[in-house]
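Peer 1: Numbering (full-length UniProt numbering), first residue to last: 1 to 431.
The beta-carbon is built from N, C-alpha and C at its ideal position, and this holds for glycine as well.
#1: Which same chain residues end up closer than 8 Å to residue 15 when comparing Cβ atoms and leaving out the 5 residues on each side of it in sequence?
#2: Bridge partners for residue 35 per DSSP, in chain order?
#3: Who are residue 324's beta bridge partners in DSSP?
#4: Could you tell me the alpha carbon to alpha carbon distance between residue 419 and residue 335, rounded to whole angstroms?
#5: Between the Cα of residue 381 and those of 413, 225 and 193, spot the shortest distance and give me the residue it belongs to.
#6: Who does residue 353 pair with in a DSSP beta bridge?
#7: For residue 86, which of 405, 242 and 58 has the nearest alpha-carbon?
#8: What's the C-alpha gap between residue 10 and residue 18?
#9: May I have a chain-ordered list of the alpha helix (DSSP H) segments no shorter than 4 residues that lie completely inside the stretch 380-429?
#10: Can you look up residue 30 in the DSSP assignment and give me helix, strand or coil?
#11: Taking the beta carbon of residue 191 as the centre, do at least 16 other beta carbons fall within 10 Å, making it buried, or is it exposed?
#12: To the nearest angstrom, how far is it from the Cα of residue 294 to the Cα of residue 220?
#13: Mapping DSSP to helix, strand and coil, what is residue 339?
#14: Pick helix, strand or coil for residue 89, following the three-state DSSP scheme.
#15: My guess is that residue 193 and residue 106 are in contact by the Cβ rule of under 8 Å, so how many angstroms apart are they, rounded?
#16: Any idea if residue 386 is buried or exposed, counting beta-carbon neighbours within 10 angstroms, 16 or more meaning buried?
#17: Spell out a yes or no on whether the stretch 394-404 and the stretch 309-328 are touching, meaning 3 or more CB-CB pairs, one atom from each, closer than 8 Å.
#18: Run through the stretch 94-119 for me and flag every whole beta strand (DSSP E) of 3 or more residues, listed as ranges in chain order.
#19: Please state if the CB of residue 343 and the CB of residue 372 are separated by a distance shorter than 9 Å.
#20: Out of 48, 226 and 186, state which residue places its alpha-carbon closest to the alpha-carbon of residue 198.
#21: For residue 434 and residue 228, I'd like the C-alpha separation in whole angstroms.
#22: Less than 9 Å separating the beta-carbons of residue 389 and residue 328?
#23: Which term fits residue 45, buried or exposed, when burial requires 16 or more other beta carbons within 10 angstroms of its beta carbon?
#24: How long is the line joining the alpha carbons of residue 94 and residue 103, rounded to whole angstroms?
#25: Taking the straight line between their C-alpha atoms, what separation do you get for residue 210 and residue 81?
#26: Should residue 298 and residue 377 be called a contact, given that it needs their Cβ atoms to be closer than 9 Å?
#27: By DSSP, does residue 297 sit in helix, in strand, or in coil?
#28: Give the DSSP bridge partners of residue 61, in chain order.
#29: Using the Cα positions of residue 57 and residue 251, report the straight-line distance between them to the nearest angstrom.
#30: I need the boundaries of the beta strand (DSSP E) containing residue 239, first residue and last residue.
#31: Skipping 5 residues on each side, what residues in its chain have a beta carbon closer than 6 Å to that of residue 348?
#32: For residue 430, which option in 410, 73 and 115 has the closest C-alpha, if you only look at C-alpha atoms?
#33: For residue 214, I'd like the list of residues in its chain whose CB is within less than 6 Å of its CB, leaving aside the five on either flank, ordered along the chain.
#34: By Cβ distance below 6 Å, which residues in the same chain neighbour residue 12 in space, the five residues on each side in sequence not counted?
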């Protein structure tokens with residue numbers, strides 16, 4: 001059968017349509033479904049990449065936070081033992097006893113893990129005498145009406161406050177018990193030591209002073225003394241030792257025990273036990289150096305400690321320390337002032353301040369010398385990317401000269417810049 005040209009064209013068009021229909025049904029639809037799935041996967045992965053980029057961007061800040069928090073935890077627990085090791089405590093007590101010049105014997109309790117006991121002084125009100133009553137009556141003759149009015153207002157205010165404060169069903173007693181329970185919820189290793197001692201009064205006072213100044217916290221729970229002769233005092237005291245797990249290795253030497261070294265004494269019945277004193281941030285107790293009032297360290301960010309540490313000198317409890325950590329110049333503000341023959345200080349970094357309320361509070365201090373001394377320990381820059389430093393605004397509102405001694409500064413690219421304001425400020429560079 002012979003097809004016309006028109007029929008051939010129609011067949012060709014039909015063939016093309018059949019091909020396109022088959023392609024659409026068997027190939028295009030499946031491919032499109034795969035493409036749509038890949039687009040969804042792409043959107044999911046793009047979102048994950050964005051989240052990862054956000055996390056990566058926060059890594060430096062988190063590392064700085066970890067470094068600062070680790071340092072704070074270390075500083076808060078630096079005066080506590082890492083573990084209760086009776087042998088070490090015997091050595092330390094023996095040295096304290098020997099150095100103070102008293103004789104003593106010790107007995108130990110069992111090491112216990114328990115809550116810290118807190119002793120509270122009971123408040124007692126002494127009964128007023130009749131003369132006291134007469135005085136009060138005389139003072140209140142002309143102010144009775146005012147007092148009644150104020151009492152009425154205060155009672156009204158107190159009732160309103162109590163109603164608002166405890167509207168959720170809590171009572172004051174419940175609140176206090178909850179607070180007390182929360183305070184005693186933490187448990188630590190504890191050891192009690194009973195020390196029986198004899199010695200001269202001055203030697204016993206020296207022993208107590210050595211306990212107060214010791215590198216580790218030793219609590220004297222109680223002490224009883226009596227005079228045994230004209231020159232000697234006999235007594236008993238209870239000492240308490242505390243230990244917490246440490247997250248750093250600053251006390252690693254505490255666990256070393258070399259049996260080859262001489263310990264104790266030849267005669268163990270001879271009645272009469274030390275860790276090196278802890279160093280604060282200044283680490284400067286060399287003879288011939290002035291007594292510093294404040295200390296500060298400025299380190300590279302690659303250091304194990306925060307780039308900025310600022311605090312009072314010889315603050316073994318680290319209560320006055322503030323920190324900052326970043327690979328940039330930190331703005332530090334320090335204010336010293338005098339009010340009514342008393343000296344006060346306050347300072348802050350980008351993340352901490354001491355006292356906590358920098359603008360409204362201040363801390364009293366006694367300058368060690370005629371001038372106020374600052375010691376700043378700087379360090380050489382390690383690489384071109386080492387950008388850490390301190391821009392210090394130092395305000396002197398006292399009648400004393402402030403002497404700032406900077407040690408270890410990088411001569412080519414100094415880390416420290418001091419902007420003085422107010423009274424006399426002198427900056428010295430030391431090797």
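Peer 2: By the coordinates alone:
#1: Residue mapping note: residue 15 aligns to position 15 of the chain shown, counting from 1. Closer than 8 Å at the Cβ level, and outside the excluded window around residue 15, lies no residue.
#2: Translated into positions along the chain shown, residue 35 becomes position 35. Answer is none; residue 35 lacks a bridge partner.
#3: For this step, residue 324 is matched to residue 324 along the chain shown. DSSP output for residue 324 lists 308 as bridge partner(s).
#4: Within the chain shown, residue 419 is the residue found at index 419, counting from 1. Within the chain shown, residue 335 is the residue found at index 335, counting from 1. Using only the alpha carbons, I get a separation of about 12 Å.
#5: Residue numbering aside, residue 381 sits at position 381 when the chain shown is read from its first letter. Checking every option, the nearest Cα to that of residue 381 belongs to 413.
#6: Here residue 353 corresponds to residue number 353 of the chain shown, with the count starting at 1. BP columns for residue 353 point to 348.
#7: By one-based count along the chain shown, residue 86 stands at place 86. Of 405, 242 and 58, the residue nearest in Cα terms is 242.
#8: The residue you call residue 10 lines up with position 10 of the chain shown. The residue you call residue 18 lines up with position 18 of the chain shown. Rounded to whole angstroms, the gap between the alpha carbons of residue 10 and residue 18 is 12 Å.
#9: Segments of the alpha helix (DSSP H) lying fully in the stretch 380-429: there are none.
#10: Counting from 1 along the chain shown, the entry for residue 30 is found at position 30. Note: residue 30 maps to helix in three-state DSSP.
#11: Locating residue 191 in the chain shown gives position 191, where the first residue counts as 1. So residue 191 counts as buried.
#12: The residue labelled residue 294 in the question sits at position 294 within the chain shown. The residue labelled residue 220 in the question sits at position 220 within the chain shown. Cα-Cα distance, rounded: 30 Å.
#13: Sequence index remark: in the chain shown, residue 339 carries index 339 (1-based). Annotated three-state conformation of residue 339 is strand, per DSSP.
#14: As a first step, residue 89 is located in the chain shown; it is residue number 89 there, counting from the start. In this structure, residue 89 counts as helix in the three-state DSSP scheme.
#15: What you label residue 193 is simply residue 193 of the chain shown in a count that begins at 1. What you label residue 106 is simply residue 106 of the chain shown in a count that begins at 1. Rounded to whole angstroms, the Cβ separation of residue 193 and residue 106 is 6 Å, and the two are in contact under 8 Å.
#16: Mapped onto the chain shown, residue 386 falls at position 386. So residue 386 counts as buried.
#17: Taking 8 Å as the limit for Cβ pairs, the verdict is that the stretch 309-328 does not touch the stretch 394-404.
#18: At a cut-off of 3 residues, the continuous stretches assigned as beta strand (DSSP E) that sit fully inside the stretch 94-119 are 103-108 and 112-115.
#19: In the chain shown, the residue the question calls residue 372 occupies position 372. In the chain shown, the residue the question calls residue 343 occupies position 343. Result yes, Cβ atoms of residue 372 and residue 343 sit closer than 9 Å.
#20: To locate residue 198, count along the chain shown from 1; it is residue 198. Relative to residue 198, the option among 48, 226 and 186 whose CA is nearest is 226.
#21: Here the chain covers residues 1 to 431 and nothing more, so residue 434 does not appear.
#22: Looking up residue 389 in the chain shown gives position 389. Looking up residue 328 in the chain shown gives position 328. Yes, they are a contact pair.
#23: For the purposes of this step, residue 45 is taken as residue 45 along the chain shown, with counting starting at 1. Counting Cβ neighbours within 10 Å, residue 45 comes out exposed, since fewer than 16 surround it.
#24: The residue you call residue 94 lines up with position 94 of the chain shown. The residue you call residue 103 lines up with position 103 of the chain shown. Their Cα atoms are separated by approximately 10 Å.
#25: As a working note, residue 210 is residue 210 in the chain shown. As a working note, residue 81 is residue 81 in the chain shown. Between residue 210 and residue 81, the C-alpha separation is close to 17 Å.
#26: By 1-based counting over the chain shown, the position of residue 298 is 298. By 1-based counting over the chain shown, the position of residue 377 is 377. Yes, the pair counts as a contact, with Cβ atoms nearer than the cut-off.
#27: Locating residue 297 in the chain shown gives position 297, where the first residue counts as 1. Collapsing the DSSP output to three states places residue 297 in a strand.
#28: Stepping through the chain shown from its first residue, residue 61 is reached at position 61. Answer is none; residue 61 lacks a bridge partner.
#29: In the chain shown, the residue the question calls residue 57 occupies position 57. In the chain shown, the residue the question calls residue 251 occupies position 251. Cα to Cα, residue 57 sits roughly 35 Å from residue 251.
#30: Residue 239 sits at position 239 when you count from the first residue of the chain shown. Segment 233-243, the beta strand (DSSP E) holding residue 239.
#31: By 1-based counting over the chain shown, the position of residue 348 is 348. Around residue 348: 333 and 358.
#32: As a first step, residue 430 must be located in the chain shown, where it is residue number 430. The shortest C-alpha to C-alpha distance from residue 430 to any of 410, 73 and 115 is the one to 410.
#33: Translated into positions along the chain shown, residue 214 becomes position 214. Hits under 6 Å: none found.
#34: Here residue 12 corresponds to residue number 12 of the chain shown, with the count starting at 1. The answer is none, since no qualifying residue turns up.
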